[in-house]
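Q: Got a structure here, written out as structure tokens. Questions coming.
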Amino acid sequence: MSTKPVALVTGSSRGIGRAVALALSRSGYRLILTARDEKTLKETGRGCEGGDAVILPMDLSEEDSPKRLADAVNSETGQLDVLVNNAGIVVSKSFEDTGAADWDRMMNLNARAPFLLTRMLLPLLRISAAATVVNIGSVVSFKGYEMQTAYAASKHALAGWTKVLAREEASNGIRVHLIAPGGVATDLVRDVRPDIDESDLIAPEDVAEMVRFLTTHRSNAVIDVVEMHRAGKTPFS
Ligand SMILES: NC(=O)c1ccc[n+]([C@@H]2O[C@H](COP(=O)([O-])OP(=O)(O)OC[C@H]3O[C@@H](n4cnc5c(N)ncnc54)[C@H](OP(=O)(O)O)[C@@H]3O)[C@@H](O)[C@H]2O)c1
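By the working numbering, the letter at position 124 of the sequence shown is numbered 620, and the numbering carries on one by one without gaps.
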């Protein structure tokens, strides 16, 4: 029986989630990895220290996936100390062109699935000695940018329930954080903002380092939200 704390990172096959998984693994966590693509998930698993990562491939936007994932966490480790809700997609469309299917796709994966998953994992988190939930929001958790109607709505929804969860679970010892980055060098941004020079983007490892800090520093100082922007952007804009 492992004595390591356990961290579940959704969307850990690549991008920010992969960097977060590797950083938490270096900090001594046993990782549970999930995304759709088994091959790249296994690559992340091979990069994790200890050779004990649990790989659970699934499409989180499917109706029964949050329950299947929560059940698998219960049966595979029966323990959860850190939950990083990171899996997300963006479809770049104007308000006028955004259809019901676009809306449902983004709301399902970016807001509804992490809500259901977190709710089902609360019993395990409540018995952890240092439970932490980190939700990966976005700069559009608070702002609205052109061509991001449904994406911005989904990230506002995520931020909304994050705040409620943080208040409700504080007395149960669960710390809940929102990281709101803008412009991270991943496939997601390469697809929707090919105009941004790659060298100007935030590294996924910078976001991972923030997750590692939030999960490993447990003092009387609690950080609710971390907003991160590219160095080329105007601060506090
Ligand atoms: N990059 C940015 O500038 C930026 C800025 C702010 C916020 N974010 C947020 O950061 C998070 C990670 O994004 P990223 O930039 O790292 O993007 P990414 O490189 O495209 O990675 C997205 C991850 O989510 C997984 N995923 C996608 N659809 C899925 C589904 N239906 N079911 C399960 N997993 C799924 C992907 O794996 P599979 O394809 O294998 O399923 C992948 O592991 C997202 O929530 C995004 O909104 C990103």
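No residue lacks a Cβ here, since even glycine has one placed at the ideal position from N, Cα and C.
Keep in mind it's a predicted model, so treat the numbers as computed, not measured.
So does the segment 520-539 actually touch the segment 591-602, counting three or more Cβ pairs closer than 8 Å?
A: Because the criterion of three Cβ pairs below 8 Å is not met, the segment 520-539 and the segment 591-602 do not touch.
Q: Relative to the C-alpha of A596, which candidate in K639, K659, T645 has its C-alpha closest?
A: Here residue 596 is taken as the residue at index 100 of the sequence shown, counted from 1. A596 has its Cα closest to that of T645, out of K639, K659, T645.
Q: For the segment 518-575, which segments carrying the beta strand (DSSP E) assignment without a break, of at least 3 residues, lie completely within its bounds, in sequence order?
A: Fully enclosed beta strand (DSSP E) runs of 3 or longer: 526-530.
Q: Expressed to the nearest angstrom, what Euclidean distance is found between the alpha-carbon atoms of T682 and V629?
A: Start at 1 with the first residue of the sequence shown, and residue 682 comes out as number 186. Start at 1 with the first residue of the sequence shown, and residue 629 comes out as number 133. Cα-Cα distance, rounded: 22 Å.
Q: Quick one: does the C-beta of L613 sit closer than 7 Å to a heavy atom of ligand 1?
A: To locate residue 613, count along the sequence shown from 1; it is residue 117. Incorrect: L613 has no Cβ contact closer than 7 Å to ligand 1.
Q: Pick helix, strand or coil for T658, following the three-state DSSP scheme.
A: Residue mapping note: residue 658 aligns to position 162 of the sequence shown, counting from 1. Note: T658 maps to helix in three-state DSSP.
Q: Just to check, is the beta-carbon of S695 closer than 7 Å to a non-hydrogen atom of ligand 1?
A: Within the sequence shown, the letter at position 199 stands for residue 695. S695 Cβ: outside cutoff for every heavy atom of ligand 1.
Q: Cβ-heavy atom distance between T506 and ligand 1 below 7 Å?
A: What you label residue 506 is simply residue 10 of the sequence shown in a count that begins at 1. Yes.
Q: At what residue ranges does the segment 639-683 contain a whole run of the alpha helix (DSSP H), taking only runs of 4 or more?
A: Those alpha helix (DSSP H) runs which fall completely within the segment 639-683 and span 4+ residues are 645-665.
Q: Go ahead and pull the three-state DSSP assignment for A626.
A: Within the sequence shown, numbered from 1, the residue matching residue 626 stands at position 130. It is coil, neither helix nor strand.
Q: Name the DSSP beta bridge partners of T711, please?
A: On the sequence shown, residue 711 is found 215 positions in, with the first residue counted as 1. Answer is none; T711 lacks a bridge partner.
Q: Compute the distance between the beta-carbons of V635 and A676, then report whether it is under 8 Å.
A: Numbered from 1 along the sequence shown, position 139 holds the residue referred to as residue 635. Numbered from 1 along the sequence shown, position 180 holds the residue referred to as residue 676. For V635 and A676, yes; Cβs fall inside 8 Å.
Q: For G574, which residues in the same chain have their Cβ closer than 8 Å to its Cβ, ignoring the five residues on either side in sequence?
A: Translated into positions along the sequence shown, residue 574 becomes position 78. Around G574: L620.
Q: Beta-carbon within less than 7 Å of N668's beta-carbon, same chain only, minus the 5 sequence neighbours each way: which residues are those?
A: Locating residue 668 in the sequence shown gives position 172, where the first residue counts as 1. Closer than 7 Å at Cβ, skipping near neighbours: R622.
Q: Does the beta carbon of N582 fall short of 7 Å from some heavy atom of ligand 1?
A: Within the sequence shown, the letter at position 86 stands for residue 582. At least one heavy atom of ligand 1 is nearer than 7 Å to the Cβ of N582, so yes.
Q: Could you tell me how far apart the beta carbons of F638 and A655 are, in whole angstroms, since I believe they sit closer than 8 Å?
A: Position 142 of the sequence shown, counted from the start, is the residue given in the question as residue 638. Position 159 of the sequence shown, counted from the start, is the residue given in the question as residue 655. That pair is a contact at about 7 Å.
Q: For L684, which option in S715, H652, Y647 has the closest C-alpha, if you only look at C-alpha atoms?
A: Counted from its first residue, the sequence shown places residue 684 at position 188. When each option's Cα is compared against that of L684, the closest is Y647.
Q: If you compare alpha carbons, which of R726, D560, N581, M706 is closest to I719?
A: Working through the sequence shown from its first residue, we reach residue 719 at position 223. Closest option to I719, Cα to Cα, is M706.
Q: What is the residue span of the beta strand (DSSP E) that A727 lies within?
A: Start at 1 with the first residue of the sequence shown, and residue 727 comes out as number 231. Counting along the chain, A727 falls outside any beta strand (DSSP E), and DSSP gives it neither H nor E.
Q: Determine the extent of the beta strand (DSSP E) in which A503 is found, giving its start and end residues.
A: The count along the sequence shown starts at 1 and reaches residue 503 at position 7. Where A503 is concerned, the enclosing beta strand (DSSP E) stretches over 502-506.
Q: Quick check on this structure: which residue in K563, L697, S695, R532 has the alpha carbon closest to the alpha carbon of M554?
A: As a working mapping, residue 554 is identified with position 58 in the sequence shown. For the residues K563, L697, S695, R532, the minimum Cα distance to M554 belongs to R532.
Q: Sorted by chain position, which residues of the same chain lie with C-beta nearer than 6 Å to R714's C-beta, five sequence neighbours on each side aside?
A: Taking the first residue of the sequence shown as position 1, residue 714 is located at position 218. Closer than 6 Å at Cβ, skipping near neighbours: A626.
Q: Answer yes or no: the CB of I670 versus the heavy atoms of ligand 3, is any distance below 7 Å?
A: No copy of ligand 3 appears in this structure; the ligands present are ligand 1.
Q: Which one or two residues does DSSP pair with E723 in a beta bridge?
A: Here residue 723 corresponds to residue number 227 of the sequence shown, with the count starting at 1. Partner(s): A676.
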